[in-house]
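In my numbering, the protein residues as written are 22 to 405. Beta carbons: idealized from backbone N, C-alpha and C, even for Gly. Owing to the predicted nature of the structure, the values given are computational and were not obtained by experimental measurement.
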Ligand code: MG
C-alpha cells in the first residue's frame with residue numbers, strides 16, 4: 022500500500038473573465054506565472070511527493086513554458102468541466118500506482134501558505150476529507166432581500182485534501198448528469214465526513230482583472246530582507262597552489278582541505294545558505310563524498326547562487342573578511358571582488374572584500390591557517 026501524497030493542480034480553465042488573451046493560470050503575477058506560484062508552494066512542502074497538473078485541450082505547451090525548469094510528475098489533459106478534469110487526474114494517478122493522500126488545488130489560487138497544507142494533512146488523520154474555509158464577514162442577503170444567517174456559512178477554498186481511495190470512489194460513483202463545483206461535496210454526498218480547517222485570506226481566487234492588480238500590489242512588492250553569516254577556517258600546508266576568493270595567489274604555501282579549500286568562497290557559500298536557512302556547505306557537499314575531492318570551490322558558490330534563484334531571491338550584497346597574517350590581501354582585493362561578482366553574476370559594487378591580521382595572535386597570527394567570515398544580504402519574496 023502506497024503512502025504517497027500527491028498534489029493535483031487543476032489548471033484547465035480557458036478563463037476569459039480575468040481579461041487578456043492568455044488563460045489566467047498562465048498569466049504572470051508577482052513575478053511568475055500564476056500556475057508556478059502554486060507549484061512552488063506544493064513542491065516546497067516536505068509531505069508532498071509528486072505533483073500532477075491537469076490542463077485544458079491544447080494547453081500542454083503553454084503549461085510547460087509557464088513551469089520553466091520546475092519538475093512535475095505529469096501534465097495531463099483535463100476536460101471541459103472542473104469535475105471532469107479532476108476525474109481525469111485521479112484516474113491518471115490511480116493508473117500510476119495510486120496514492121494514500123491527495124490534495125486537489127485550483128491553479129487560480131496561487132498564494133498557498135504551507136501552514137494550510139499542514140492543517141489539511143493533520144485533519145486527514147481523523148477524516149477522509151478536509152477543506153480550508155474562512156468565515157463570512159459581509160452581510161449576506163438573498164435575491165429577495167432576506168438576510169441570510171452568515172454564521173451558518175463559510176467560504177470554501179482549495180486545496181482540498183482527501184484519502185485518495187475515498188475521493189476516487191466518489192468521483193467514479195458520481196451521477197454524470199449533476200455538476201459539482203468542488204470535490205468535498207462529492208465526498209459528502211457519499212455520507213462521508215469532511216473536516217473544516219482554517220483557510221487563509223491569501224488563498225483567494227484570482228478571477229477578475231482587479232484581482233490580479235490587487236495580488237500584484239499585495240505580493241509583488243512584498244520582499245523581505247535576509248542576512249546570513251558564514252565562517253570557515255582552513256589549515257596552511259606545504260602545497261603548490263593557494264586558492265583564495267576564487268583566484269589563485271602566489272604564496273609559498275597553500276590551504277589544505279577536501280576541495281581546493283578556498284576558505285573565502287566557503288564562508289560566502291555558508292552566508293548564502295544561512296540567509297536561505299538551507300543548512301550549510303557540509304550538508305550540501307559532504308566531505309565524505311569523493312566527487313568533491315579537489316573540487317573548485319566556485320562550483321559550490323554557483324550552487325548557492327542557484328539556490329537563491331530557485332527561491333526567487335536576489336543577492337543584494339556580500340561582505341567578506343579574510344583573517345590572516347600572510348599573504349597580503351590588498352594587492353588581490355579587486356581581483357577577488359571581480360571573480361566573486363562574476364560567479365554570483367552581480368555588479369562588482371555589491372561585493373566587498375576586506376582583510377585583517379590578528380596581531381600575530383592565535384592560529385592565524387602564527388600563520389597556521391586562514392579564517393574567513395562572510396555576511397550575505399538577500400531579498401526574498403515575502404509571501405509566507
Ligand atoms: Mg571549508
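Check whether residue 293 and residue 325 have beta carbons under 8 Å apart: Counted from its first residue, the chain shown places residue 293 at position 272. Counted from its first residue, the chain shown places residue 325 at position 304. Contact flag set, yes.
Beta bridge counterpart(s) of residue 375 as assigned by DSSP: By 1-based counting over the chain shown, the position of residue 375 is 354. Its beta-bridge partners are 342.
Alpha-carbon to alpha-carbon, residue 338 and residue 153: The count along the chain shown starts at 1 and reaches residue 153 at position 132. The count along the chain shown starts at 1 and reaches residue 338 at position 317. Going by the C-alpha atoms only, they are around 40 Å apart.
Any heavy atom of ligand 1 nearer than 5 Å to the CB - residues listed: 253, 287
Check whether residue 23 and residue 118 have beta carbons under 8 Å apart: Residue 23 sits at position 2 when you count from the first residue of the chain shown. Residue 118 sits at position 97 when you count from the first residue of the chain shown. Yes.
Counterpart residues of residue 156 in DSSP-defined beta bridges: Here residue 156 is taken as the residue at index 135 of the chain shown, counted from 1. Beta-bridge pairing links residue 156 to 175.
Through-space distance from residue 310 to residue 342, alpha-carbon basis: Here residue 342 is taken as the residue at index 321 of the chain shown, counted from 1. Here residue 310 is taken as the residue at index 289 of the chain shown, counted from 1. Residue 342 and residue 310: Cα-Cα distance of roughly 28 Å.
Buried versus exposed call for residue 336 [16 or more other C-beta atoms within 10 Å across all chains shown]: Here the question's residue 336 lines up with position 315 in the chain shown. It is buried - the Cβ of residue 336 has at least 16 other Cβ atoms within 10 Å.
First through last residue of the alpha helix (DSSP H) which encompasses residue 384: Numbered from its first residue, the chain shown carries residue 384 at position 363. Looking at the DSSP string, the run of the alpha helix (DSSP H) that includes residue 384 is 383-386.
Cβ pair residue 87, residue 56 closer than 8 Å: Here residue 87 refers to the residue found at position 66 when the chain shown is read from its first residue. Here residue 56 refers to the residue found at position 35 when the chain shown is read from its first residue. Cβ atoms of residue 87 and residue 56: closer than 8 Å.
For residue 132, the three-state DSSP class (helix, strand or coil): The count along the chain shown starts at 1 and reaches residue 132 at position 111. Of the three classes helix, strand and coil, the one that applies to residue 132 here is coil, per DSSP.
Nearest neighbour of residue 387, chosen from 74, 347, 374 [CA to CA]: Sequence index remark: in the chain shown, residue 387 carries index 366 (1-based). Considering only alpha carbons, the answer is 347.
Limits of the unbroken beta strand (DSSP E) element including residue 400: On the chain shown, residue 400 is found 379 positions in, with the first residue counted as 1. Taken as a continuous stretch (DSSP letters only), the beta strand (DSSP E) holding residue 400 covers 390-402.
Residue 47 in three-state terms, based on DSSP: Locating residue 47 in the chain shown gives position 26, counting from the first residue. Reduced to three states, the DSSP call for residue 47 is helix.
Minimum length 4: unbroken alpha helix (DSSP H) runs contained in the stretch 188-236: 204-209, 230-236
Same chain, Cβ closer than 6 Å to residue 127, five either side skipped, listed in chain order: The residue you call residue 127 lines up with position 106 of the chain shown. The residues are 31, 179.
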